[in-house]
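Step one of this worksheet: look at the structure below.
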Amino acid sequence: MSRPVYALLLGLVGAGIVHISILFLLPHFTERDAWSQLSQVSDFYTPTSITGTTSTTPLIRSVDPLFAAVACRFDLGDGVVHVQAPGRVPFWSMSVYDRNGQNIFSFNDRTSADGTVNFVVLTPEQTIQVRRQLPEEFVNSVFVETDIGEGIVLVRAFVPDQTWRAAIADFLSGVSCAPR
-4 MSRPVYALLL
6 GLVGAGIVHI
16 SILFLLPHFT
26 ERDAWSQLSQ
36 VSDFYTPTSI
46 TGTTSTTPLI
56 RSVDPLFAAV
66 ACRFDLGDGV
76 VHVQAPGRVP
86 FWSMSVYDRN
96 GQNIFSFNDR
106 TSADGTVNFV
116 VLTPEQTIQV
126 RRQLPEEFVN
136 SVFVETDIGE
146 GIVLVRAFVP
156 DQTWRAAIAD
166 FLSGVSCAPR
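Numbering (the numbering used here), first residue to last: -4 to 175.
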């Protein structure tokens, strides 16, 4: 009888040590999320490269080497966010994430009206206001309606080979993320 009791106590003590260790390590990992890293290097509405260059390290690890990407933090309390990029590339995708990194919405060049990056992120209340008097600049935009207040827009572009690197860099450097 004493052996099972001893094993049970040893298991409980081991589980307690593991849980306490996790609690002590939690602040170390929570400060390194995408929102925190972006806020350290750029302000709201500033598209920032997250893939790095040959001279810099990527802002976020585990980025696919065949894609280049920019991220932009936004606050819908300032108004709707209009995201655009000039030109065309072989493939692009766009995602909207909440502040905690949960994917809210995603689409790519095949789902936009004319294959260009042109979308508006807004709340349901803002959608009603915008639809009453649709600005000319929003006529061909894809509307992304969400209940989040703050979030991140991520625009990624496929780099088929090194000859495309400059064109993709120009495309992503032209991404605008502005409140309206």
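No residue lacks a Cβ here, since even glycine has one placed at the ideal position from N, Cα and C.
inquiry  = With DSSP as the reference, identify every bridge partner of H77, one or two as the case may be.
reply    = V115, A173
message = Does the contact criterion of 3 or more C-beta pairs under 8 Å hold for the region 35 to 49 versus the region 90 to 109?
response = no
key: Beta-bridge partners of L149, as assigned by DSSP   = A66, S90
query = Going by other Cβ atoms of all chains shown within 10 Å of its Cβ, with 16 needed for buried, is N135 buried or exposed?
reply = exposed
ask   = Is it buried or exposed for R151, if we count other Cβ within 10 angstroms and need 16 for buried?
value = buried
request  = Counting only the same chain and skipping the five closest in sequence on each side, list residues whose C-beta sits under 7 Å from that of V154.
outcome  = L61, F62, A63, R160, I163
query = Span of the beta strand (DSSP E) holding S101?
reply = 98 to 103
ask   = Between the C-alpha atoms of T41 and G11, what's the straight-line distance to the nearest angstrom?
value = 44 Å
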